[in-house]
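Data block below; observations after.
Protein chains in written order, with the numbering used here: chain A, 1 to 382; chain B, 1001 to 1382.
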């Protein structure tokens, strides 16, 4: 490993593609004839095959969670701060598995992939998914890797929903479940923000009712708007105030000028939106936000989360962040109450942070300590 | 007055148009050659001309604050619950003046009006405004009506900024200033939401860079999106949860179905957005949200609100609402602290409400009692 990688980095990594030719029956009633998953792994599977950890990504995540694809990369994977030798998700102890989920747009089978029935990209015809479909495909991946039971399934936000669904659907296959900045179901406000983002995408003339690929265009503006809405709501009011305040990016308030004034926060948001629109797929955005909206842990359990969690065998760590208003601490406390009601073993921490929902991705000593201490105990029993 | 109007209503009202032919020098350095204001008044000006109250509207408001334009109207003016005989803004005691401000789109001179220099509508070429320009035009209206001093200037949200600016710019003309759900300046988060709304409008292909009127179209979709963003942020998470929860409007979660599910909150939002797009002008939306962003009470006073308020002679009532997160109670407390620092007479109440920022428009017994008691004392000194 070259000296150029920072200490604690997993260093140079390369994704692998796993092909599954068995048809996957989806919760919508349709069947995916086969699928591919793009996967990265860090660390070594031990002889007992008992130290595997699954990382579940959120709306805009993917398989590249840690390390670098190229020594020249300026940025590591999206959760690099938490995954690596000596880090909370310690690759000296765990075999860490990260994948891009089906329906995604980073190489796994999704709207950008080819539909074998038509020979063209799936596009908007990709089947609607539920989180349980991700779990089903991840279970097939675990089988392929020879992992009968995960030492831990870990996820933030939508990834936390994914982790909870694992614990409920495959109780015997999950020893620990780490649910971070998540919820058992979205609130009306959350659904509302998602629907605004979707309308922004759908109403972009370059969306072409989902067939934009056929026209050789991308609904950049709709995607950028969707991301801008997401971005504002993932940050806290306090953080935006600290970071941007009312600083000007251009123009001036000098009296007598008829020039437009742009605040720093405006140019930052446009930049974030435009950057996202360069890489993300619009059909994936619609599909995954619907997965978020539809997720309801207890729906099939008489709307009783205690009944749902009563099926689980895992131990739980639940983490929320004080300034997160899209997945508020109260949503995490609801999870904890249901777990306690189901007499499960659960630890809960609400971490002080000004970073809103984004906190689950960012450095934070308290968060690192909580997750590190919990996973150290998990590693000792592997 | 027909029996059909509810008790406490001002009944049938009709707007009047006031024409001003004196050029109005604007803060941007340009001059409006003349302008018209659409005005409604309720109650009678007393002989001493000392009982006049100015109502300042917010982003989407206008002159029609109370009563009905037609006996067949199903809805009264936008603040009818608070204006009328025996109501907090008591038309048996006060002469209430409401206007559509310049730059607006409900009849007063704004982007939809004709530009005398070109003969066509002003459109995007209407000069950018500041709240102080509204105050200047309102002062000319007061002169025309023979009102040397307002008994009270009252406004919520942007209207509260308008009321504060009156008290600072014309100290001798404002006896009482009622600042409701407002702020001395917007936060970065608020600016961010406004900019998302503006990008939604600008990127609608029917916007035509502001020249949509020439093409005979309206950027409905952009306006609807802008309103949807506004609407979600004007309500509280709790209220949306109570009102909509996760109820479905169409579709079902029955297993095995590949049909889209629509939540009630989604159809509600689309309805609100589409309704707004029917009547509101896109250039006005851009112009007024910029007024909101640019407003900064203390900018010309060394960024010291105490210095700004030290100029005022009015007494103040400041009201905030517990669940309002766009104009949070803390913003009102900042106003109160600055007024106290300037040794002004100020009363402050934070009203418990689940209705978010919209609370300032809605029925609320505590809010009614606070405003009613305050204005009763104002009326006794008229």
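For every residue, glycine included, the Cβ atom is placed at its ideal position computed from N, Cα and C. This structure is a prediction, so every number in the text was calculated from the model and none was measured.
Report the CB separation of residue i from residue j in whole angstroms; it is logged as a contact under 8 Å.
i, j, result
"residue 55 of chain A", "residue 98 of chain A", "4 Å"
"residue 1305 of chain B", "residue 1292 of chain B", "Actually they do not touch by this definition, with Cβ atoms about 17 Å apart."
"residue 1077 of chain B", "residue 1067 of chain B", "6 Å"
"residue 225 of chain A", "residue 1196 of chain B", "7 Å"
"residue 1309 of chain B", "residue 1181 of chain B", "Not really, about 19 Å apart at Cβ, beyond 8 Å."
"residue 1220 of chain B", "residue 1209 of chain B", "The Cβ separation is near 16 Å, so there is no contact."
"residue 123 of chain A", "residue 211 of chain A", "6 Å"
"residue 200 of chain A", "residue 222 of chain A", "5 Å"
Let me make sure I understand the geometry here. Which of the options has the alpha-carbon closest to that of residue i?
i, options, result
"residue 1344 of chain B", "B:1307, B:1372 and B:1374", "B:1307"
"residue 357 of chain A", "A:62, A:240, A:278 and A:261", "A:240"
"residue 185 of chain A", "A:370, A:354 and A:289", "A:289"
"residue 31 of chain A", "A:88, A:127, A:294 and A:158", "A:127"
"residue 238 of chain A", "A:5, A:365 and A:353", "A:353"
"residue 1038 of chain B", "B:1047, B:1020, B:1026 and B:1029", "B:1020"
"residue 75 of chain A", "A:232, A:265, A:12 and A:118", "A:12"
"residue 1384 of chain B", "B:1008, B:1198, B:1252 and B:1131", "No information on residue 1384 of chain B is available, as it lies outside the stretch 1001 to 1382 that chain B covers here."
"residue 253 of chain A", "B:1263, B:1294 and B:1272", "B:1294"
"residue 109 of chain A", "A:284, A:95, A:194 and A:368", "A:284"
"residue 1005 of chain B", "B:1072, B:1026 and B:1018", "B:1072"
"residue 10 of chain A", "A:93, A:316, A:137 and A:275", "A:93"
"residue 53 of chain A", "A:7, A:141, A:107 and A:341", "A:141"
"residue 156 of chain A", "A:326, A:337, A:201 and A:41", "A:326"
"residue 246 of chain A", "A:190, A:264, A:223 and A:101", "A:264"
"residue 1234 of chain B", "B:1218, B:1370, B:1272 and B:1139", "B:1272"
"residue 69 of chain A", "A:217, A:382, A:41 and A:250", "A:41"
"residue 1169 of chain B", "B:1223, B:1107, B:1029 and B:1301", "B:1301"
"residue 382 of chain A", "A:29, A:8, A:46 and A:14", "A:46"
Given this structure, state the Cα-to-Cα distance separating residue i from residue j, to the nearest angstrom.
i, j, result
"residue 383 of chain A", "residue 81 of chain A", "The first residue shown for chain A is 1 and the last is 382, placing residue 383 of chain A beyond what the model contains."
"residue 1125 of chain B", "residue 133 of chain A", "53 Å"
"residue 175 of chain A", "residue 149 of chain A", "7 Å"
"residue 1083 of chain B", "residue 160 of chain A", "50 Å"
"residue 135 of chain A", "residue 1268 of chain B", "33 Å"
"residue 335 of chain A", "residue 112 of chain A", "35 Å"
"residue 378 of chain A", "residue 318 of chain A", "15 Å"
"residue 1171 of chain B", "residue 1332 of chain B", "20 Å"
"residue 153 of chain A", "residue 1179 of chain B", "51 Å"
"residue 232 of chain A", "residue 1044 of chain B", "47 Å"
"residue 281 of chain A", "residue 79 of chain A", "21 Å"
"residue 266 of chain A", "residue 117 of chain A", "44 Å"
"residue 328 of chain A", "residue 187 of chain A", "10 Å"
"residue 339 of chain A", "residue 1129 of chain B", "56 Å"
"residue 25 of chain A", "residue 143 of chain A", "17 Å"
"residue 1091 of chain B", "residue 1355 of chain B", "27 Å"
"residue 1036 of chain B", "residue 1016 of chain B", "10 Å"
"residue 372 of chain A", "residue 1351 of chain B", "43 Å"
"residue 262 of chain A", "residue 244 of chain A", "12 Å"
"residue 1342 of chain B", "residue 275 of chain A", "47 Å"
"residue 1103 of chain B", "residue 61 of chain A", "44 Å"
"residue 1324 of chain B", "residue 1190 of chain B", "12 Å"
"residue 1 of chain A", "residue 28 of chain A", "Low per-residue confidence applies at residue 1 of chain A: pLDDT is 44, beneath 50, and the placement is therefore not dependable, though the value from the model is reported in the following sentence. Each residue's Cα considered, the two are about 45 Å apart."
Can you say whether residue i is buried or exposed, counting buried as having 16 or more other CB atoms within 10 angstroms of its CB?
i, result
"residue 63 of chain A", "buried"
"residue 278 of chain A", "exposed"
"residue 1215 of chain B", "exposed"
"residue 1228 of chain B", "buried"
"residue 1114 of chain B", "exposed"
"residue 311 of chain A", "exposed"
"residue 362 of chain A", "exposed"
"residue 1048 of chain B", "exposed"
"residue 1198 of chain B", "buried"
"residue 256 of chain A", "Note that residue 256 of chain A scores 48 on pLDDT, short of 50, meaning its location in the model is unreliable; the coordinates nonetheless yield the value given after this. Residue 256 of chain A comes out exposed."
"residue 1349 of chain B", "buried"
"residue 1459 of chain B", "This structure cannot settle anything about residue 1459 of chain B, because the visible part of chain B is limited to 1001 through 1382."
"residue 1137 of chain B", "buried"
Of all Cβ atoms in chain C, is any one closer than 8 Å to the Cβ of residue i?
i, result
"residue 193 of chain A", "The chain labelled as chain C is not found among the protein chains of the depicted structure, namely A and B."
Contact residues within the region 202-234 of chain A, judged by C-beta distance below 7 Å to chain B: 203, 205, 221, 225, 228, 229 and 232
For the region 1291-1323 of chain B, enumerate the residues whose C-beta is nearer than 9 Å to any C-beta of chain A, in chain order. Of all residues in the region 1291-1323 of chain B, only 1293, 1294, 1296, 1299 and 1300 place a beta-carbon less than 9 Å from a beta-carbon of chain A.
What are the residues of the region 174-185 of chain A that lie near chain B, defined by any Cβ-Cβ distance shorter than 7 Å? 185
Name the residues in the region 1084-1107 of chain B whose C-beta lies less than 8 Å from a C-beta of chain A; which are they? none
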